[in-house]
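Student: Can you read through this structure? Questions will come right after.
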Ligand code: URA
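In our numbering, the protein residues as written are 679 to 1014.
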């Protein structure tokens, strides 16, 4: 029943998008009364959460719909839905003009958010196929519909103010300075690392130590300058002894980065190393497997590559990073 509901919802969304492309602004379609009080429990639960991190997560949901919340909210409705209501819903939909329009994936779209470099969705799905199937929601309420980053109306300063003198996770205990993201707010290209090291912790600026020097060379290798890009980390406080941030630590800090991504709206994000890649893309696939192929993050192209610190330990891996950066450069040129 869940998958039928998903398919139906995806179809309606496709049809509405198609109509929007044709210029339609208002839709007079009679559908059964929707009792949204059934979402109230979920909603009030969200509203009573009051830790700062949870509020940030909540604010984030203004930009990025949370599929799990939608699914949970729909569960009781799906259970309660009798076959009769299901059939009524289907026949109402079939009786509208919507159902006679071709479905979105079967036609060429001019709606750039739903194509990947003008390739239809089907080929994007193929490109995404290198992510193991368990990482791709199989029974998503969105179906073929891929949510994209919504416009953000906040500023980077507001995010910093929200972070404040953060004590949301244990990493605050050992930090000297919070290391906020820096760079060009209009950047087409963004780099995401793991967490600050000793130099970054001392200066409060990301990627200023040895890894940062190498990152600058990587940026320059494709004809750009550090001040032209935007640079941030999954975590803003230095983990003790430069250990990898734990999952709860990463989950606590990441929402601020996601809010910055929604403001900067880069065309490409390069994720540096395993931690950045796995946390941003919410995948368990290792960097060695996934690097070098563009992935999708809400319509933004993401290139996973090795972390500069890894290159300092094993310079022979620079060749792979160079190959990945050439792809980034070519894609940026195409997207101009
Ligand atoms: N390594 C990172 O991942 N981020 C920094 O800012 C510095 C080193």
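Quick reminder that beta carbons are idealized off the backbone N, C-alpha and C, glycines included. Everything numeric in this text was worked out from a predicted model, so none of it was measured.
Do the stretch 870-885 and the stretch 950-958 meet, that is, are 3 or more Cβ pairs less than 8 Å apart?
Tutor: yes
Student: Excluding the 5 residues flanking residue 882 on each side, which residues of the same chain have their C-beta closer than 6 Å to its C-beta?
Tutor: 855, 857
Student: Taking 7 Å as the line, does the beta carbon of residue 985 fall inside it for any heavy atom of the ligand URA?
Tutor: yes
Student: Is residue 884 a contact residue of the ligand URA, with contact defined as CB to any heavy atom under 7 Å?
Tutor: yes
Student: Do you know offhand how far residue 1001's Cα is from residue 981's?
Tutor: 11 Å
Student: Expressed to the nearest angstrom, what Euclidean distance is found between the alpha-carbon atoms of residue 1004 and residue 900?
Tutor: Rounded to whole angstroms, residue 1004 and residue 900 show a C-alpha spacing of 7 Å.
Student: Pull up the DSSP beta-bridge partners for residue 980, would you.
Tutor: For residue 980, which the question treats as bridged, DSSP gives the partners 947, 973.
Student: Under a three-way DSSP split, which group does residue 942 fall into?
Tutor: helix
Student: Taking the alpha-carbon positions, what's the residue 1013 to residue 945 distance?
Tutor: Rounded to whole angstroms, residue 1013 to residue 945 spans 8 Å at the Cα level.
Student: So residue 915 and residue 838 are supposed to be a Cβ contact under 8 Å. How far apart are they, rounded?
Tutor: With a Cβ gap of about 14 Å, residue 915 and residue 838 do not count as contacting.
Student: Answer yes or no: the CB of residue 911 versus the heavy atoms of the ligand URA, is any distance below 7 Å?
Tutor: yes
Student: Report, in whole angstroms, the separation of the C-beta atoms of residue 932 and residue 957, which I expect to be a contact under 8 Å.
Tutor: About 6 Å; that satisfies the 8 Å criterion.
Student: Expressed to the nearest angstrom, what Euclidean distance is found between the alpha-carbon atoms of residue 775 and residue 846?
Tutor: Only weak support is given to the placement of residue 775: the predicted model assigns it a pLDDT of 39, under 50, and the question is left unresolved by the model.
Student: What are the boundary residues of the alpha helix (DSSP H) that includes residue 894?
Tutor: 888-899
Student: Can you check which of these residues, 830, 912, 891, 890, is closest to residue 955 by C-alpha distance?
Tutor: 912
Student: Name the residue from 841, 875, 960, 997 whose alpha carbon lies nearest to the alpha carbon of residue 937.
Tutor: 841
Student: Would DSSP call residue 725 helix, strand or coil?
Tutor: Summary for residue 725: the model assigns pLDDT 37, below 50, so the residue's position carries little reliability; its value from the coordinates is reported in the next sentence. Residue state, collapsed to three classes: helix.
Student: Cβ of residue 919 within 7 Å of any heavy atom in the ligand URA?
Tutor: No, the Cβ of residue 919 stays beyond 7 Å of every heavy atom of the ligand URA.
Student: In chain order, what residues of the same chain have a beta carbon less than 6 Å from the beta carbon of residue 968, not counting five sequence neighbours either side?
Tutor: 982
Student: Could you check which residue in 908, 824, 826 has the C-alpha nearest to that of residue 865?
Tutor: 908
Student: What is the DSSP secondary structure of residue 862, reduced to helix, strand or coil?
Tutor: The three-state secondary structure of residue 862, taken from DSSP, is coil.
Student: Please report the residue range of the alpha helix (DSSP H) in which residue 909 lies.
Tutor: Looking at the DSSP string, residue 909 is not in any alpha helix (DSSP H); the run it does join, the beta strand (DSSP E), is 908-911.
Student: Taking the alpha-carbon positions, what's the residue 1035 to residue 984 distance?
Tutor: Missing from the structure shown is residue 1035; the chain here goes from 679 to 1014 and no further.
Student: Would you report the Cα separation of residue 987 and residue 836, rounded to the nearest angstrom?
Tutor: 31 Å
Student: For the alpha helix (DSSP H) that contains residue 1006, what are its first and last residues?
Tutor: 996-1013
Student: So who's on the other strand from residue 867, going by DSSP bridges?
Tutor: 946
Student: Hey, would you say residue 999 sits closer than 8 Å to residue 897, going by beta carbons?
Tutor: no
Student: Beta carbon of residue 874: closer than 7 Å to some heavy atom of the ligand URA?
Tutor: yes
Student: Measuring CB to CB, does residue 827 end up less than 8 Å from residue 1006?
Tutor: no
Student: Quick check: what's the CA-CA separation for residue 930 versus residue 917?
Tutor: 14 Å
Student: Work out the CA separation of residue 926 and residue 686 for me, nearest whole Å.
Tutor: 35 Å
Student: Quick one: is the Cβ of residue 859 within less than 7 Å of any heavy atom of the ligand URA?
Tutor: no
Student: Excluding sequence positions up to five away, which residues of its chain have a Cβ less than 8 Å from the Cβ of residue 876?
Tutor: 887, 916, 920
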